[in-house]
Amino acid sequence: MSKPKYPTYIHTFEGEGAALFQGHNLDRAMVDEEVDRILGEAPIGFELQIFERHYIYKGNIKHCSRHGDSWGCDEDGNDYHGHWFEIKPTDDSRCHFTEAFYKRTHDVDPG
Numbered sequence: 014m015s016k017p018k019y020p021t022y023i024h025t026f027e028g029e030g031a032a033l034f035q036g037h038n039l040d041r042a043m044v045d046e047e048v049d050r051i052l053g054e055a056p057i058g059f060e061l062q063i064f065e066r067h068y069i070y071k072g073n074i075k076h077c078s079r080h081g082d083s084w085g086c087d088e089d090g091n092d093y094h095g096h097w098f099e100i101k102p103t104d105d106s107r108c109h110f111t112e113a114f115y116k117r118t119h120d121v122d123p124g
């Protein structure tokens, strides 16, 4: 499995889709534009959340339930695939990522 190109779509541990960018302190206008392209417009009642994180990518995993916190995904035990793992903060810029996703911030009146 090859490393993703950025920005890219990821499925987060919380079950949300997110746009992942390499780097910290990114231009907000560029992030907003790419999020619209990757995730589409925010649904009503959701707002864009942006977090700077530290990750490593492991691209040759078959039994993901044996890694990290013993969680697994739909591909667990099937084909080789990749996962992102959050790590402690580091000065290594290769591990600096910005994650953007839509989070529900208020309920919407169905009427």
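In terms of the numbering used here, the sequence shown is residues 14 to 124.
Even glycine gets a Cβ: it sits at the ideal position worked out from N, Cα and C.
Got a sec? Which residues, its chain only, sit under 6 Å from residue i by beta carbon, not counting five neighbours each side?
i	result
G90	H76
Return helix, strand or coil for residue i, following the three-state DSSP convention.
i	result
A113	strand
H100	According to the sequence as given, residue 100 is Ile; it is not His. In the structure shown, I100 sits in coil (DSSP, three-state: anything other than H, G, I, E or B).
Going straight from the alpha carbon of residue i to that of residue j, what length do you get?
i	j	result
T103	A32	21 Å
D120	I51	24 Å
E46	L61	12 Å
M43	N73	31 Å
How is the beta strand (DSSP E) around residue i delimited, first residue to last?
i	result
A31	30-35
K75	Unbroken run through K75: none, as it is neither H nor E.
I57	Per DSSP, I57 belongs to no beta strand (DSSP E) and is neither H nor E.
Spatial neighbours of residue i within its chain, please: CB distance less than 7 Å, with the 5 preceding and 5 following residues excluded, ordered by chain position.
i	result
I23	A31, L33, W97
T21	L33
Between which two residues does the alpha helix (DSSP H) harbouring residue i extend?
i	result
R144	Missing from the structure shown is residue 144; the chain here goes from 14 to 124 and no further.
Cα-Cα, which of the options is closest to residue i?
i	options	result
L39	S106, K116, K71	S106
R117	R41, F59, E29	F59
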